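2 protein chains.
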Amino acid sequence: MPPNHLGHYRGLMDTLLLNSLIGALGPDRVLTEPTAMAPFTGDYSSYTPEADPLAVVLPRTTEEVSVALTWANEHAIPVSIHAGGSGVAGGAVAYAGGLVISTRSMDQIVEIDPASRLAVVQPGVITAELDRAAREHGLFFAPDPASTEISTVGGNIATNAGGFRCIAYGDTAAAVAGLTVVLADGSVITTGSRTVKNSTGYNLTQLFTGSEGTLGVITEATVWLTPVPEGSCHTFLAAFDTLDDAVRAVVEINASPAFLEALELIDSGIVGFIEDFAAPGLPRPAAGLLMGQAISPSAAADIERAAQICRNNGATEVTTAADDSLLDARRLALPALQKAGQWVNGDVGVPVPALPAMITRIAEISAELGVEVRIVAHAGDGNLHPNVRRIGEVDPVADEAMDRIISAAVAYGGVITGEHGIGIAKHHELSLQFDEATLAAQRAIKSALDPKNILSPNRGI
Amino acid sequence: MPPNHLGHYRGLMDTLLLNSLIGALGPDRVLTEPTAMAPFTGDYSSYTPEADPLAVVLPRTTEEVSVALTWANEHAIPVSIHAGGSGVAGGAVAYAGGLVISTRSMDQIVEIDPASRLAVVQPGVITAELDRAAREHGLFFAPDPASTEISTVGGNIATNAGGFRCIAYGDTAAAVAGLTVVLADGSVITTGSRTVKNSTGYNLTQLFTGSEGTLGVITEATVWLTPVPEGSCHTFLAAFDTLDDAVRAVVEINASPAFLEALELIDSGIVGFIEDFAAPGLPRPAAGLLMGQAISPSAAADIERAAQICRNNGATEVTTAADDSLLDARRLALPALQKAGQWVNGDVGVPVPALPAMITRIAEISAELGVEVRIVAHAGDGNLHPNVRRIGEVDPVADEAMDRIISAAVAYGGVITGEHGIGIAKHHELSLQFDEATLAAQRAIKSALDPKNILSPNRGI
C-alpha cells in the first residue's frame, strides 16, 4: 500500500477508534481538536509531543476513568496522565496518537474530617486549595512543593513531590493514607485505610505514590492533615563566604534539636539572578545564603540556635525576623533562573552529612568541564538542585556535567531524583541508581499491573 | 507403587535434595534433626507445622540466603522465614517438607551513623538491642512492639509491627529507609536510600515492609533513628465507669495539641487478670483504665491536659506521675490474659473517632453471642485487641464473634489487622477487607516476584 493510502487507512481507523471512545464517554468528555488538546499535552519541562495525541479525555468520576482505560487497553493505546501540568521531568507529555487523561475536571474536595485529621479529595484539587480548606479546621496539608498554587494533589502524589517543609513533615508520601486507583485494564482498586496503623496486605498506597502514572490513574486520595502548630513564625538569613561553610552549618543544624520547617540554600549566582529578576533586596553573599524558618512554640529559640550555628561556621552576616519575610525571596529562585538562561536542571538527593563532599564535587565538575553550575537546595533534607548552564537546545558538555553530578550523588548514598521524579528526563539514568536485579524487580511489578505497557510507557521506572 | 515404597522413594529424594543444600551451604548452616529444628518451626500463635520441615538453614550473609532460596526455588520447596519467632499470626510456622530460613545468625548491627540518624542492621538484631545501641548516641529506635526484647528488626519490618509509641512516631514502616532483599529466585535487590527524600522508582521499601515473608527475605535493613526527646517523662492513669467515657476521652485527647507517646486502654476484666497475675496494685475501675505517657519539654503540661480531659469525660480517679511508673502494668496485659484462659485474639484498627461506636458494637456482639470479650487497646491510634474467650481448641462461637468484630471494624473504615499481620490467622478474612480487584492486584505482584509461590505460600496476602 503506498504511503498516502496508508495515511488514509490510519485516518479511518482513528475515526473508528475515536467514535468508540466518544460513544462510551459522551462527546463533552472528549477533546480531539489540536488547539483544544494543546493545554493537556505538555508540562513545565522542555519535552514536547512528537505529534498530536488521538484524544484528551476529561473524566469526572472513577467510573469514567475506568471506561477510558478499558478502551485504551483494548486498543493498546499509550496513555499519558495530565494533572496540573507543572511537572519538570516530562512525565505528562502526550504520546503521538495516544490518549491523554486529564484530571482537571476531578477537582472536588470530597470530605474534610477534622476528628480523624483526614481529607478525601479528587486528584485534580489544587494543592494550595486543599491546604487553605484544611486551615479552616485548624489543620493544614503539609506537602508544599514550590508549585503548590498550580500543581494538584494527584500529581504531587504521582511524583511524590517534595518542597520546603519536608524536614519537619516528610514528603508527599508521608501524607497519603489511601488511594482509589484505576489500573490499566480499567479495574478499580482501593488501597490503604483511614487508620493510623495497618498491617493488612501489601502497601499499595506507597507503591502507587511516586509511580509517575506508570501503574494506574489515581482517582481519589485520602490524605493526612496536620494540626497547625501553636507558636509563631521565625526566620533567619545567613550570608557565607564559602558554600562549604554554609553546608557545614546545615549538617550541624540538622544534628541539633532545633525544629525547623525549612532550611534552604541559594548560591550567590542565583541570589544575583533573583535580584536582577525582582530586586527583593537580598544581601549579596560571596558564596551563598542560608535561610531557615520555624513555626512552633519554641520557634524563636530554635531560629536563634540555628543562627548561632551559622555564626560559628563563618557566616558573615546573620539576620533574624519574627515573621516569614526572609524566606519569600527563595520562591523566586526558579523563575529568576529561567530568565537568566537555559539550564540542565538537577534534582539529586544526598544524606545531609554528605553535603560538604557533594558541594566540593560539584565545584570540581564545574571546573573539569568548564561549565557554569548554580545551586539552589532544600539543604536541610539534602535535596540539591544543581543547574548546569546549557548552550543551545542540545549541549553534550552540560549533559555530561549533570551525569557526573548524578553519579557523585549516588556514590555518596544519594538518589538521582529527590522530588521531581524520573519522567522522560532521567529515564536513561536509571542504571546509575539501580542494579540489574533491582530494575528487573521494579519492571516485573510494572508488567504484572500493566501487561500491555499502555501507562506512561518508557517513562518513570 | 504401594504406599511404603512411595515413602521410601520420597525418603531417597529428600536425602538427595538435602545433600545438594548441604553441599551448597556447608553442613554447619543446615539443621535436619527434628529436635534441632524444633525451635525454628513455630511462633507465639497456636498454629503448629503439620509435619517436620525438610531442613532449617541458618545463613550468615545475604549470599547464603541467596543460595538457600535458589535451591528452594529450583525444587519448588515452600519456605517459611523465622526471625524472633514472636509473631502471633502463624506467619513463621514451618511447612511440612519445607525449608525454614532462620535469621537468628544474622544478628549484627552493621553501622550506626548518628549524623544521618541511620542504622544499618542485619535482620536478626533484637529490636531492643538496636534501641539500646542507638541511645549511646542520643538517639533511639522508635518502633517498640510489646515483644521488643525478643522480636527482631527483620521480623518487625516483615509484619510492620506496631507498639506503644506509634501515636508519636508512627509504625515500624515509618522507620524503614531501605532494605536488601533476596527474592524467591535468589536474586538480590536493594531498595530505598539514605536520603530523606527520594522520587526514584517504585517504593519497594514500603512494598516489602509488612509483606510477611511472601515477597522476599530481608537480609539487611537501613532504619531511621530518632533523637531522644529533651524533657522528662510524665504519665497519667485514669479510671472510668464506662468504656464509652474512656474512649470519648481518647477522641478528645487525640484532637487536642497534647503530644503523647502512648495512650493505652485496659478494660476492667484485664485489670483483674493483671492483678491476679502480678498484683501491681492498679486501681480497680468499674469499666476500664486509660493510661498515657509523654516525654518532651512540654510533657508535664501535656499529661495534665490529657488528665483534665479524662476528668471532663467522667473519670472517677485520675493519678499523674513524673516518671514512667504508671504504664509498667500495661506490659503485663498479654501474659496475664494468657494465664486467665484461652482466647481468640483480635488486632483490629479503626479511625480514632470511631472508637466509641466500635466499643459499643463489641459489647453488642458479646451480648448477642453470649461470649466474654476482654479489650486491651493502643487506644490513641485506634488499634484494639479484643480477646474472645475460647472454650476448647475449636470454638465456632468465639470465631463467629471475632468475625463480627472484624466486620464491624472494616465497616467503620478500619482494618482487619493493625500490627500483627495476616499470617495464617487472618488469611480467610482477607475478603472482609479487600474487594476482588484489589486482592487480584496484590496477588499479581506476588506472582510477579515469586512465580513458583514458594515464599510463605497461602499466608499473608
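Chain order of the listed sequences is A and B. 41 is the number of the first residue of the first sequence in my numbering; add one for each residue after it. 41 is the number of the first residue of the second sequence in my numbering; add one for each residue after it. Backbone N, C-alpha and C fix where the C-beta goes; we use that ideal spot for every residue, glycine too. For clarity, every value in this text was computed on a predicted model and none was experimentally measured.
Below 8 angstroms CB to CB, which residues in the same chain sit around residue i once its five sequence neighbours on both sides are set aside?
i	result
leucine 489 of chain B	Leu223, Ala224, Leu255, Gly256
proline 79 of chain A	Gly125
Considering only their Cβ atoms, is the gap separating residue j from residue i smaller than 9 angstroms?
i	j	result
threonine 220 of chain A	glutamate 169 of chain A	no
threonine 192 of chain B	glycine 164 of chain B	yes
phenylalanine 276 of chain B	valine 358 of chain B	yes
histidine 467 of chain B	threonine 199 of chain B	no
valine 133 of chain A	proline 99 of chain A	no
serine 545 of chain A	glycine 226 of chain A	Given a span of 41 to 501 for chain A in the structure shown, any question on residue 545 of chain A remains unanswerable.
alanine 286 of chain B	alanine 347 of chain B	no
threonine 143 of chain B	glycine 194 of chain B	yes
valine 97 of chain A	leucine 65 of chain A	yes
leucine 139 of chain B	leucine 52 of chain B	no
isoleucine 314 of chain B	leucine 372 of chain B	yes
phenylalanine 280 of chain A	asparagine 196 of chain A	no
alanine 340 of chain A	serine 296 of chain A	no
proline 93 of chain B	threonine 81 of chain B	yes
glutamate 114 of chain B	arginine 69 of chain B	no
valine 411 of chain B	alanine 441 of chain B	yes
alanine 108 of chain A	leucine 58 of chain A	no
Below 7 angstroms on C-beta distance, what does residue i contact in chain B?
i	result
threonine 240 of chain A	Val455, Ile456, Thr457, Ile462, Gln473
threonine 249 of chain A	Asn243
serine 227 of chain A	Ala477
asparagine 59 of chain A	Within 7 angstroms Cβ-Cβ: nothing; asparagine 59 of chain A doesn't reach chain B, min ~28 angstroms.
threonine 199 of chain A	Ser239
Quick check: what's the CA-CA separation for residue i versus residue j?
i	j	result
glycine 130 of chain B	threonine 245 of chain A	25 angstroms
threonine 464 of chain A	asparagine 498 of chain A	Correcting the residue identity first, residue 464 of chain A is isoleucine in this sequence and not threonine. Taking the straight line from one Cα to the other gives about 8 angstroms.
glutamate 189 of chain B	isoleucine 485 of chain B	33 angstroms
lysine 492 of chain B	glutamate 252 of chain B	17 angstroms
alanine 355 of chain A	glutamine 162 of chain A	46 angstroms
alanine 361 of chain A	leucine 330 of chain A	14 angstroms
methionine 41 of chain B	glutamate 408 of chain B	With a pLDDT of only 46 at methionine 41 of chain B, under 50, the local geometry of the prediction cannot be trusted, and no value is derived from it.
arginine 324 of chain A	alanine 289 of chain A	19 angstroms
threonine 110 of chain A	alanine 208 of chain A	41 angstroms
cysteine 206 of chain A	glycine 321 of chain B	45 angstroms
isoleucine 405 of chain B	phenylalanine 248 of chain B	35 angstroms
valine 291 of chain A	alanine 334 of chain A	17 angstroms
serine 487 of chain A	glutamate 176 of chain B	46 angstroms
In its own chain, which residues sit with a C-beta less than 7 angstroms from the C-beta of residue i, not counting the 5 before and 5 after it?
i	result
valine 450 of chain B	Ile456, Leu472, Gln473
alanine 174 of chain B	Ile152, Ala159, Phe180, Phe181, Leu265
tyrosine 87 of chain A	Gly130, Val133, Ile464
glycine 381 of chain A	Arg429
alanine 576 of chain A	The shown model of chain A, from 41 to 501, leaves out residue 576 of chain A, and the question about it has no answer.
Against residue i, what residues of chain A qualify as contacts under a CB-to-CB distance less than 7 angstroms, listed in chain order?
i	result
proline 391 of chain B	Ser156, Arg234, Thr235
aspartate 281 of chain B	The contacting residues do not exist; aspartate 281 of chain B stays about 24 angstroms from chain A at best.
aspartate 211 of chain B	Lys237
Closer than 8 angstroms by beta-carbon distance: list the chain B residues that pair up with residue i, in chain order.
i	result
leucine 223 of chain A	Ala477, Ala481
isoleucine 149 of chain A	Those do not exist, as isoleucine 149 of chain A stays about 18 angstroms from chain B at its closest Cβ, beyond 8 angstroms.
isoleucine 501 of chain A	Gly241, Tyr242
Which residues in chain B have a C-beta closer than 9 angstroms to the C-beta of residue i? List them in chain order.
i	result
alanine 341 of chain A	Chain B residues near alanine 341 of chain A: none, gap ~10 angstroms exceeds 9 angstroms.
proline 297 of chain A	Pro267, Pro269, Glu270
valine 291 of chain A	Ala155
aspartate 421 of chain A	Thr235, Val236, Lys237
Please list, in chain order, the chain A residues whose beta carbon lies closer than 8 angstroms to that of residue i.
i	result
cysteine 273 of chain B	By Cβ distance, chain A contributes nothing, its closest Cβ being about 17 angstroms from cysteine 273 of chain B, past 8 angstroms.
Please go through the same chain and pick out, in chain order, the residues whose beta-carbon is closer than 6 angstroms to the beta-carbon of residue i, but skip the five residues on each side of it.
i	result
glycine 584 of chain A	Residue coverage of chain A in this structure runs from 41 to 501, which leaves residue 584 of chain A outside it and unanswerable.
proline 74 of chain A	Asp92
alanine 123 of chain A	Thr143, Thr192, Gly194, Gly195
alanine 318 of chain B	Leu372
aspartate 342 of chain B	Ala298, Phe299, Ala334
List the residues of chain A whose Cβ lies closer than 9 angstroms to the Cβ of residue i, in chain order.
i	result
isoleucine 485 of chain B	Tyr242, Leu244, Leu247, Ala484, Ile485, Ala488, Leu489
So, does the region 205 to 216 of chain B touch the region 386 to 402 of chain A, judging by three or more C-beta pairs under 8 angstroms?
no
Quick check: the region 420 to 431 of chain A against the region 139 to 157 of chain A, are at least 3 beta-carbon pairs closer than 8 angstroms?
no
Do three or more CB pairs link the region 413 to 423 of chain A to the region 264 to 281 of chain B at distances below 8 angstroms?
Two segments are said to touch when three or more pairs of C-beta atoms, one from each, lie closer than 8 angstroms; by this definition the region 413 to 423 of chain A does not touch the region 264 to 281 of chain B.
Would you check if there are 3 or more beta carbon pairs closer than 8 angstroms linking the region 228 to 243 of chain B to the region 301 to 315 of chain B?
no
Segment contact, 8 angstroms Cβ cut-off, at least three pairs: the region 437 to 448 of chain A with the region 382 to 391 of chain A
yes
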